[in-house]
Structure formats: structure tokens, C-alpha cells
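Numbering (our numbering), first residue to last: 67 to 153. The beta-carbon is built from N, C-alpha and C at its ideal position, and this holds for glycine as well. The next block holds one structure in the form of C-alpha cells; read it before the comments.
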Amino acid sequence: MKKVKLHVRRGDIVRAISGADAVAKKTGKVLKVYPQTGRALVEGFNFVKKALRKSQDNPNGGIITKEAPLAVSKLAVVTPAKKADKE
């Protein structure tokens, strides 16, 4: 897939403009950006449940809740990151 220039960057504070997170009027910090897929991982947004297989660390297995990448078209920048924050 083609790499696209995105309007969000790591460290930006963003707000959801569509979806379930927009109804809650959430804002969060961009943790990681995936330009090839047009998605971004945002702190506190788009939680998914993931099944864990049994292992020595987790002998019973189980279900965890974690953040999943979200399409950048659903995000609006509230506060852009400063150059020092990005490094």
C-alpha cells in the first residue's frame, strides 16, 4: 500500500469526530502512527477484547482489553505536539 502523509503525528492530542469515542467526546494522545494503513494508536480509544492462550505466565488464559489502531479520518487534532515531544 502507498505511504500517505497524515495530519496526525506522534504526541498530538486528538479528538474523535466519528464513532463511539466521538459520542463520549474523548481526547487522547497519539502513541503511534501507521502511515501505510492510514491508522493511529490513540491512548484511551478503540478498545478491543483479545483472547489469551494458556501459558506459563497466564496458566488459565483469559480475555484482555487493549487499544487497537483507529483510522486517522476519524480524528481531529486538538493540540499539535511540539518538536521536543516528538523526539
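#1: Out of Gly-127, Gly-94, Thr-145 and Ala-137, point me to the one whose CA is closest to Gln-102's CA.
#2: Between Ala-134 and Val-114, is the Cβ-Cβ spacing less than 9 angstroms?
#3: What is the DSSP secondary structure of Val-89, counted as helix, strand or coil?
#4: Indicate the three-state DSSP secondary structure (helix, strand or coil) for Val-80 in the structure shown.
#5: Out of His-73, Lys-148, Ala-147 and Ala-88, which has the shortest C-alpha to C-alpha gap to Gly-110?
Looking at the coordinates:
#1: As a working mapping, residue 102 is identified with position 36 in the sequence shown. Shortest Cα-Cα distance from Gln-102 to any of Gly-127, Gly-94, Thr-145 and Ala-137 involves Ala-137.
#2: Reading the sequence shown from its first residue, position 68 is the one you call residue 134. Reading the sequence shown from its first residue, position 48 is the one you call residue 114. In this structure, Val-114 lies closer than 9 angstroms to Ala-134 by Cβ.
#3: Translated into the one-based positions of the sequence shown, residue 89 becomes position 23. Helix at Val-89.
#4: On the sequence shown, position 14 is the one that residue 80 refers to. In the three-state DSSP reduction, Val-80 falls in the strand class (E or B).
#5: Here residue 110 refers to the residue found at position 44 when the sequence shown is read from its first residue. Closest option to Gly-110, Cα to Cα, is Ala-88.
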